[in-house]
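Okay, so here's the structure we're looking at.
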Amino acid sequence: MSNTQLFPELETPQSVANEHAKKSAPLSYQLSPKTFDDYQGQQHLIAPGKPLRVWIEQDKLNSTILWGPPGVGKTALARLMALNTSADFVPMNAVMAKVQDIREAIKKGKANQTIGKKTIVFIDEIHRFNKAQQDALLPDLERGVITLVGATTENPFFSVNPSILSRVQLFELQPLNESDLKNVLDRALKTEALSELIPLEQEIESLILRQCHGDARRLINLLESVAITTEASGGKLSKENLKELIQQTGTLHSDDSHYDITSAFIKSVRGSDVDASLYWLARLLKGGEDPRFIARRLLILASEDIGNAQAQALPMAAAALQTVQFIGMPESKYTLSQVTIYLAQAPKSNAATVAITKALAYIDEGNIHAVPNHLRDSHHAGLKKIGRGEGYKYPHNYLGAKVDQEYWPGKTTFYSALPGKD
Numbered sequence: 000m001s002n003t004q005l006f007p008e009l010e011t012p013q014s015v016a017n018e019h020a021k022k023s024a025p026l027s028y029q030l031s032p033k034t035f036d037d038y039q040g041q042q043h044l045i046a047p048g049k050p051l052r053v054w055i056e057q058d059k060l061n062s063t064i065l066w067g068p069p070g071v072g073k074t075a076l077a078r079l080m081a082l083n084t085s086a087d088f089v090p091m092n093a094v095m096a097k098v099q100d101i102r103e104a105i106k107k108g109k110a111n112q113t114i115g116k117k118t119i120v121f122i123d124e125i126h127r128f129n130k131a132q133q134d135a136l137l138p139d140l141e142r143g144v145i146t147l148v149g150a151t152t153e154n155p156f157f158s159v160n161p162s163i164l165s166r167v168q169l170f171e172l173q174p175l176n177e178s179d180l181k182n183v184l185d186r187a188l189k190t191e192a193l194s195e196l197i198p199l200e201q202e203i204e205s206l207i208l209r210q211c212h213g214d215a216r217r218l219i220n221l222l223e224s225v226a227i228t229t230e231a232s233g234g235k236l237s238k239e240n241l242k243e244l245i246q247q248t249g250t251l252h253s254d255d256s257h258y259d260i261t262s263a264f265i266k267s268v269r270g271s272d273v274d275a276s277l278y279w280l281a282r283l284l285k286g287g288e289d290p291r292f293i294a295r296r297l298l299i300l301a302s303e304d305i306g307n308a309q310a311q312a313l314p315m316a317a318a319a320l321q322t323v324q325f326i327g328m329p330e331s332k333y334t335l336s337q338v339t340i341y342l343a344q345a346p347k348s349n350a351a352t353v354a355i356t357k358a359l360a361y362i363d364e365g366n367i368h369a370v371p372n373h374l375r376d377s378h379h380a381g382l383k384k385i386g387r388g389e390g391y392k393y394p395h396n397y398l399g400a401k402v403d404q405e406y407w408p409g410k411t412t413f414y415s416a417l418p419g420k421d
């Protein structure tokens, strides 16, 4: 796979057929940032003086993993690396890359090493590489033959081999805020492809920005759809037309209703209404919600609202989150349905939630007790010599593994078991 297949902007002028070809390129390509000033968002990473920007500007890039949700600029940031470093840049997509592509990249790295030139291998969707493919990069990564830059939407602590993670710097990219998206929109409206949309009504613009949820790629795709619809309708786009487009692209809720639907979902599960829970789950999925977000909320609920009334709820929810992270959509909907039904039907108890809330409030009131001497650490011989831990009674030496001794000087009760539940 050549550089130009993934990053067309790395082509030489001679390889571009004509100006018309540039103008007919996808809007995402036309808006690809060429400089840091063009790049939107991620100021915590690429503001002047930030380590990642310094690495790029000084041509001293280290191996890196870029982690974040879709449309936040991972590939765009890799493009900036390609355009602003002297290294030989070899991009590939993990979905399409073959063993031969990896071998050729390493071969190029070895050749460049002999002339003192760095080779950056960019692997988009690196989480799609299996363990063996990732491990194949290790020897040359360690020897400095290649500098690895990986991009992933998946949690790298689950999807990237620990041996790789220990040798790279991890940077987390965040969803774009509305100001960043507005800048992308303004740049897009300056292109010939969207010139017919100018001026864009304020109400239409606000609705578009609200529907993108920090995803610049979603914004660009929606704008392209808007342009086609506007042209077909004689240059006028109504709010109703836009809502239809939004529904077709899978964004059925705005930022506000996102929180409302999530709230309704959790409250339905807490209230043990299975059908309502499934309805709100379906609304979240149809709205394009990240299934990992849904699974995390269910994991919280398992402890907060069920607890020891059904202790299996927590490992069930944890397994669901792990499964969702591994398999992604669309199959994750089955896992989410299963765990939603299970948690909705489970007996409920918030005793654990109330207990830790009381304990934290007790400390906030200034009740900071010293650790009783018999409970203090005494694993080191020197500590025992000075009397640390003296008087501690080891419960397993007593009948039923229980023994009366003071474990703290307080007298407050934090935990109250619910009859028949905890």
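Under numbering that gives the first Met the number 0, residues 0 to 421 are what the sequence shown spells out, in order. All residues carry an ideal CB built from backbone N, CA and C; glycine is no exception. Owing to the predicted nature of the structure, the values given are computational and were not obtained by experimental measurement.
Residue i versus residue j - alpha carbon distance
| i | j | result |
| --- | --- | --- |
| Asn182 | Gln39 | 7 Å |
| Ala275 | Pro329 | 21 Å |
| Thr228 | Arg166 | 48 Å |
| Ser178 | Gly270 | 38 Å |
| Lys384 | Val370 | 18 Å |
| Gly115 | Leu137 | 20 Å |
| Glu223 | Thr34 | 24 Å |
| Ala343 | Val273 | 6 Å |
| His423 | Asn307 | Since the first residue of the chain shown is 0 and the last is 421, residue 423 is not available in this structure. |
| Ile326 | Asn176 | 28 Å |
| Gly286 | Val268 | 19 Å |
| Thr74 | Pro32 | 10 Å |
| His43 | Ser415 | 45 Å |
| Gly67 | Thr151 | 7 Å |
| His252 | Thr261 | Per-residue confidence for His252 stands at a pLDDT of 48, beneath the threshold of 50, marking its modelled position as unreliable; the derived number appears in the next sentence. About 11 Å. |
| Val225 | Asp214 | 17 Å |
| Glu56 | Leu82 | 10 Å |
| Leu206 | Pro290 | 24 Å |
| Phe413 | Gly365 | 16 Å |
| Val98 | Pro161 | 21 Å |
| Val53 | Asp37 | 17 Å |
| Arg78 | Val159 | 22 Å |
| Gln324 | Asp259 | 24 Å |
| Ala86 | Ala104 | 13 Å |
Residue i and residue j closer than 8 Å at C-beta
| i | j | result |
| --- | --- | --- |
| Leu30 | Gly149 | no |
| Leu280 | Phe264 | yes |
| Tyr391 | Leu374 | yes |
| Phe170 | Phe121 | no |
| Ile305 | Ala345 | yes |
| Leu277 | Thr322 | no |
| Leu180 | Leu221 | no |
| Ile119 | Met80 | yes |
| Ala312 | Ala301 | yes |
| Glu204 | Leu184 | yes |
| Thr63 | Gln210 | no |
With 16 other Cβ atoms within 10 Å as the buried cut-off, status of residue i
| i | result |
| --- | --- |
| Arg102 | exposed |
| Asp254 | Any reading at Asp254 must be qualified, since the residue scores a pLDDT of 45, below 50, and its modelled position is unreliable; no value is offered. |
| Gly386 | exposed |
| Val94 | exposed |
| Ser348 | buried |
| Glu288 | buried |
| His212 | buried |
| Ile362 | exposed |
| Ile367 | exposed |
| Pro408 | exposed |
| Leu60 | buried |
| Val402 | exposed |
| Asn129 | exposed |
| Leu359 | exposed |
| Gln404 | exposed |
| Ala96 | buried |
Cβ shell of residue i (< 6 Å), same chain only, five flanking positions each side left out
| i | result |
| --- | --- |
| Ile219 | Leu26, Ser27 |
| Ile461 | The requested residue 461 is not part of the displayed model; the chain covers only 0 to 421. |
| Gln309 | Ala345, Pro346 |
Residues of its chain near residue i, where Cβ-Cβ distance is below 8 Å and the 5 sequence neighbours each way are ignored
| i | result |
| --- | --- |
| Gln41 | Val71, Gly72, Leu76, Leu172, Gln173 |
| Arg216 | Ser27, Pro69, Gly70 |
| Glu303 | Asn349, Ala351, Thr352 |
| Gln112 | Thr118, Gly143, Val144 |
| Asn372 | Gly386, Arg387, Gly388, Glu389, Gly390 |
| Tyr341 | Ala312, Met315 |
| Thr84 | Ile55, Asp58, Leu60, Lys117, Ile119 |
| Asp376 | Leu382, Arg387, Gly388 |
_Does the structure place the stretch 382-398 close enough to the stretch 340-358 that three or more beta carbon pairs sit under 8 Å?_
Between the stretch 340-358 and the stretch 382-398 there are fewer than three C-beta pairs closer than 8 Å, too few to call the two in contact.
| Do the stretch 48-66 and the stretch 184-192 touch if we need at least three Cβ pairs shorter than 8 Å? | Because the criterion of three Cβ pairs below 8 Å is not met, the stretch 48-66 and the stretch 184-192 do not touch.
Please confirm if the stretch 108-120 is in contact with the stretch 137-148, defined as three or more CB-CB distances below 8 Å between the two stretches. Three or more Cβ pairs closer than 8 Å define a contact, and the stretch 108-120 meets that threshold against the stretch 137-148.
Closer than 8 Å is the cut-off here; do at least three beta carbon pairs connect the stretch 151-171 with the stretch 122-131? Touching, yes, given that three or more Cβ pairs across the two stretches are closer than 8 Å.
For the structure I just gave you, are there three or more beta carbon pairs, one from the stretch 327-344 and one from the stretch 283-297, closer than 8 Å? Yes, the stretch 327-344 touches the stretch 283-297.
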